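Contents: one structure, followed by commentary.
Number of protein chains: 2
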Amino acid sequence: MKKLFLLAVLLQLSLLSFAQQGRAKEIISPEINPDNTVTFRLNAPNATKVQITGDFLTTQGPSDLTKGSDGIWEFKTPAPLKPELYNYSFLVDGLKMNDPNNVYLIRDVANVFNVFLIGGDRADLYKINKVAHGTVSRRWYESPTLKMARRMTIYTPAGYESSKKRYPVLYLLHGMGNDEEGWITLGRAAQILDNLIAQGKAKPMIVVMPNGNVAQEAAPGESSLGYYKPTSQLPKTMEGSMEKSFPDIVNFIDSNYRTIKAKSGRAIAGLSMGGFHSYHISKEYPDLFDYVGLFSAAILSGRENDSPVYQDSEAKLKTQFAKNPKLYYIAIGKTDFLYKGNEAYRKLLDEKGYKYIYYESEEGHLWKNWRIYLSEFAPMLFK
Amino acid sequence: MKKLFLLAVLLQLSLLSFAQQGRAKEIISPEINPDNTVTFRLNAPNATKVQITGDFLTTQGPSDLTKGSDGIWEFKTPAPLKPELYNYSFLVDGLKMNDPNNVYLIRDVANVFNVFLIGGDRADLYKINKVAHGTVSRRWYESPTLKMARRMTIYTPAGYESSKKRYPVLYLLHGMGNDEEGWITLGRAAQILDNLIAQGKAKPMIVVMPNGNVAQEAAPGESSLGYYKPTSQLPKTMEGSMEKSFPDIVNFIDSNYRTIKAKSGRAIAGLSMGGFHSYHISKEYPDLFDYVGLFSAAILSGRENDSPVYQDSEAKLKTQFAKNPKLYYIAIGKTDFLYKGNEAYRKLLDEKGYKYIYYESEEGHLWKNWRIYLSEFAPMLFK
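Protein chains in written order, with our numbering: chain A, 1 to 383; chain B, 1001 to 1383.
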């Protein structure tokens, strides 16, 4: 009797979330097949057209799913997919929707999409493997320059908390419209560092991922603004405030973590707008960073009237390079719309004889490339 | 000319995410109106029926949205909503989907739904207010008993890192199928603690939110299993392993944080299965916790054969209460399906003369209630 009551309670506990949500028929989507083709499924008996969009599709525009007699639509990729973190959405009679059978969603600025991962090769760095894991913290700090409390994401490598050692720090900056969540979600920064460190390919380091939009306290939904509709059209993103206030972040980290408080223990890198920030911050404060990474950087000219930070760039670069930074790294994709600006910048560096390492990848302005650049850049740091 | 190039680049940077995602017409949903009615909108010109489900609906079953001439469907709540964190989904021609205009999604076991928050009254505790914020960390620890590396979520109160003081610890346990993310997402534990501490109503404390499913290393998507379809049907959740291995967690926290290493500095509380765990752990280790909270606890009998932890409960309770715990707190909703089990348990405590505080709320087995219980319980701790 007691046993029966117990079983009933356990069953009810287990089924509660099912019952509450009216869950659809149990189907698996996406299913990664043994040959790395992928099958997507959607139970939509009433739909007249179901399509899929995703960064793995090689065709122009969305691909059609085929309806089965059970009302379940299906699409199988025509060929195996290469190892990578991919994203997708469904279009049901023209309406974009997430896959209800895939709970793994990532927000990128104002869009949410499903993700899946094909392991192997470099993409094994993006997986959570059975290695020692660092700690990921969301922490608030005061910026005296901006007179604001602001949120950042901090990765401390495995062993940091139990050690007494001092660690070097990589400051890792996001792109326009993104925020302090970008590198940890789409960028897989914690996984890349966990894995590279475990393989002995990167030194254990702290990674600091601040919010580069000085008009924001924090990522959408994580600030006192509550839940609002995010936009990439933020004020004050590229007018000098982020660059001028950056020492606030370095000071906070140096006084709150066991860091190597020296230029040789600091790196700065960023993607797109974050590359623009890294470019300016590293020359504005030439004694702060010995390692600089520009990932698909928005190297823009004609900003001199917006901030003193953007003035006298050539003189500042001269000072920066006279101090022999240990690494100046530039990476961009062949089809990136910022390619020309980077080409012109490399030409300038070549003319001046300033040393840098250049990495050119396929494709364009994509998280896929920024994960690659981070996994190339991190092993070169602090050696 | 340079300015024009710059503008073009900035525009392209800003529009990139739009272009990539083929975003729908710009509409606001949900819109919280000044009187706290809420309007939901979905741009679905091809749909024949659009409905909404949500925990704020007072009617049986989903409510219909009305189609406007522009193809945008709309539903306005018939009355203002009370302050609360709510969830909802759309049903488009019978197919459940998230609101594409609301990027705020929370996963609960195997379901993902949209959320919104109406502030005011107690729900102001669930908001991110302009107060000092604690740090939220995801950290891995080794469990010698389970021989596994496992992930937990840890809240350290504002000021912890810059102080040399020792802090008390609340161990806060989740329910069946949930994991170390539950209390921080749906439970709003960081916001509740930030706000109660800022108001002087709760003592600054560390909150430790472990994963109570000993078959898991971590929440779905956060372990070496990668992205798989989660289920609430997990093995080994209520057979003694979590309870027996709990000192591993306490030892890890006591050796890695500046804690008050004494019974008077430790509380344990949990919801549903986590209440079941708290009940057993606190009597199994009667010298560990001076504060115990059972939130909608699964007080089940007839488990004696599953583990020595579940044997001799009355004798263990006698020992526990002989040591005069400072607080034994029981809370449940009037319509909770576990109400009878809790009633029987209170009767037993009454018969034995064991002191406890009882809090009875409206409604049932809901996160809404668990947020209330946490905000009632935390102010009573460590005083």
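Where a beta carbon is used, it is the ideal one built from N, C-alpha and C, also for glycine. Every value quoted in this text rests on a predicted model; they were computed, and no experiment measured them.
Check the Cβ-Cβ distances between residue i and every residue of chain A, and say whether any is below 8 Å.
i                  : result
His-1133 (chain B) : yes
Phe-1116 (chain B) : yes
Lys-1229 (chain B) : yes
Asn-1213 (chain B) : no
Asn-1098 (chain B) : yes
Lys-1326 (chain B) : no
Glu-1314 (chain B) : no
Ser-1063 (chain B) : no
Ile-1072 (chain B) : no
Can you find the residues in the same chain that come closer than 7 Å, C-beta to C-beta, to residue i, ignoring five residues on each side of it along the sequence?
i                  : result
Gly-1022 (chain B) : Because the pLDDT of Gly-1022 (chain B) is 42, which lies under 50, any placement of that residue in the model is unreliable, and the number read from its coordinates should be weighed accordingly. The answer is none, since no qualifying residue turns up.
Ala-1019 (chain B) : Annotation note: pLDDT 41 at Ala-1019 (chain B) (below 50); position unreliable, coordinate value reported separately. Closer than 7 Å at the Cβ level, and outside the excluded window around Ala-1019 (chain B), lies no residue.
Asn-369 (chain A)  : Ser-296, Gly-333, Ser-361, Glu-363
Leu-1300 (chain B) : Phe-1276, Gly-1341
Gly-1068 (chain B) : Glu-1074
Glu-1222 (chain B) : Arg-1151
Tyr-1257 (chain B) : Ile-1206
Gly-119 (chain A)  : Pro-83, Lys-127
If the cut is a Cβ gap below 7 Å, which residues of chain B does residue i touch?
i                 : result
Gly-221 (chain A) : Tyr-1104
Ala-331 (chain A) : In chain order: nothing, as chain B lies at least about 17 Å away.
Arg-107 (chain A) : Val-1103
Gly-94 (chain A)  : Asn-1046
Gly-112 (chain A) : For the sequence presented, residue 112 (chain A) should be read as Val rather than Gly. Under the 7 Å cutoff, chain B gives Val-1103, Leu-1105.
Against residue i, what residues of chain B qualify as contacts under a CB-to-CB distance less than 9 Å, listed in chain order?
i                 : result
Trp-140 (chain A) : Ala-1132, His-1133, Gly-1134, Thr-1135, Ala-1158
Ser-162 (chain A) : Ser-1255, Asn-1256
For a contact meaning CB atoms closer than 9 Å, what does residue i contact in chain A?
i                  : result
Ser-1202 (chain B) : Inspection of the sequence shows that residue 1202 (chain B) is occupied by Ala rather than by Ser. Within chain A, no residue comes near Ala-1202 (chain B); the closest Cβ sits about 18 Å away, beyond 9 Å.
Which same chain residues, not among the five before or five after residue i, have their C-beta less than 6 Å away from its C-beta?
i                  : result
Met-1242 (chain B) : Gly-1212, Val-1214, His-1277
Ile-1260 (chain B) : Arg-1166, Pro-1168
Glu-1031 (chain B) : Thr-1039
Tyr-310 (chain A)  : Arg-303, Glu-304
Leu-1125 (chain B) : Ile-1192, Asn-1195, Ser-1375
Met-97 (chain A)   : Phe-90
Asn-101 (chain A)  : Ile-27, Ser-29
Asp-121 (chain A)  : Pro-83
Ile-249 (chain A)  : Pro-210
Within 8 Å of any Cβ in chain B, is that where the Cβ of residue i sits?
i                 : result
Gly-240 (chain A) : no
Ala-466 (chain A) : The structure shown has nothing for residue 466 (chain A), since chain A only spans 1 to 383.
Leu-173 (chain A) : no
Gln-311 (chain A) : no
I want to verify the contact list: residues of chain B whose CB lies under 8 Å from the CB of residue i, in sequence order.
i                 : result
Val-169 (chain A) : What Val-169 (chain A) touches in chain B: nothing, since even the nearest Cβ is about 16 Å away.
Name the chain A residues that come within less than 8 Å of residue i, Cβ to Cβ?
i                  : result
Ser-1224 (chain B) : Lys-127, Ile-128, Asn-129, Lys-130
Excluding five sequence neighbours on each side, which residues of the same chain lie with their C-beta closer than 8 Å to the C-beta of residue i?
i                  : result
Lys-326 (chain A)  : Ser-264, Asp-290, Tyr-291
Lys-318 (chain A)  : Lys-352
Asp-35 (chain A)   : Pro-80
Pro-1308 (chain B) : Gly-1240
Ala-219 (chain A)  : Arg-151, Asp-179, Glu-180, Glu-181, Asn-211
Ser-1255 (chain B) : none
Give the interface partners of residue i over in chain A, defined as CB-CB distance under 7 Å, in chain order.
i                  : result
Ile-1052 (chain B) : The premise fails here: Ile-1052 (chain B) is roughly 12 Å from chain A at the closest Cβ pair, so nothing lies under 7 Å.
Ile-1028 (chain B) : Lys-229
Uninterrupted alpha helix (DSSP H) stretches inside the stretch 1262 to 1307 of chain B (no shorter than 4 residues) | 1273 to 1284
Along the chain, which unbroken stretches of the alpha helix (DSSP H) at least 4 residues long are found entirely within the stretch 1306 to 1362 of chain B?
-> 1313 to 1322, 1339 to 1352
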